[in-house]
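Step one of this worksheet: look at the structure below.
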């Protein structure tokens, strides 16, 4: 049975589109931050050995093929993030900005790891993609773009670096993207 708000058809993964933004850190050095641009529906498939004709045509680094509706300006500077396995919930309200958070469980939450905060099925989506700055045995610190109500879901985020973006012949067609899944954080 499909989840309410989830479209029927092949584009059934909610993806966050992130773009890089350079900013100065406290030492005056340039640091790259990833900003949420939009949320789109797409399809994320691992590059399959079952379809050798597709695998032979892809960049050797490609681990996944991603399909989304046409997004003007999407290129290899962007990243796509998909909610992975559900990790925990945050019992208290979280405000926008840098916050120390106490989730129900700290399992798999590591420094520099990415988390998808919010529901994948909300319409409009109430989603943040945050990078964990630091952890203790019971808390993590991250900078949130929006506020979240108590009970918000926290999922492990799967990040895809775009290797090639194929522009469709018509703007109403879908884009095919070759991507490599990035691992973040240290176990």
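Residue numbers (the numbering used here): 388 to 574.
By construction, the Cβ of each residue, glycine as well, lies at the ideal position given by its N, Cα and C atoms.
Check	Outcome
Stretch pair the segment 549-569 + the segment 512-522: three plus CB contacts closer than 8 Å	no
Top-ranked residue by Cα proximity to residue 539, from 504, 565 and 517	504
Contact under 7 Å by Cβ, residue 522 with residue 490	no
Beta-bridge pairing of residue 478 - partner residues as DSSP gives them	Paired residue(s): none; residue 478 is not in a bridge.
Cut-off 6 Å between Cβ atoms - residues of its own chain near residue 502, not counting five sequence neighbours on either side	517, 541 and 544
7 Å Cβ cutoff met for residue 417 and residue 405	no
Residue 536 to residue 464 span [Cα, whole Å]	32 Å
Exposure of residue 444, with buried meaning 16 or more beta-carbon neighbours within 10 Å	exposed
Where the beta strand (DSSP E) containing residue 521 begins and where it ends	515-522
Residue 486 (DSSP reduced to helix, strand or coil)	strand
Through-space distance from residue 466 to residue 402, alpha-carbon basis	10 Å
Alpha-carbon spacing of residue 574 relative to residue 471, whole angstroms	Confidence is the limiting factor: at residue 574 the pLDDT is only 44, short of 50, which leaves the residue's position unreliable, though a coordinate-based value still follows. Their Cα atoms are separated by approximately 17 Å.
Nearest residue (CA-CA) to residue 531, options 421, 524, 455 and 410	421
Inter-residue Cα distance where the pair is residue 396 and residue 564	18 Å
Enclosing beta strand (DSSP E) for residue 432 [first to last residue]	417-433
Span of the beta strand (DSSP E), counted from its first residue to its last, around residue 564	561-569
C-alpha gap between residue 483 and residue 567, whole angstroms	30 Å
Spatial neighbours of residue 433 in its chain, beta-carbon cut-off 6 Å, leaving aside the 5 residues before and after	451
Opening and closing residue of the beta strand (DSSP E) in which residue 407 lies	400-411
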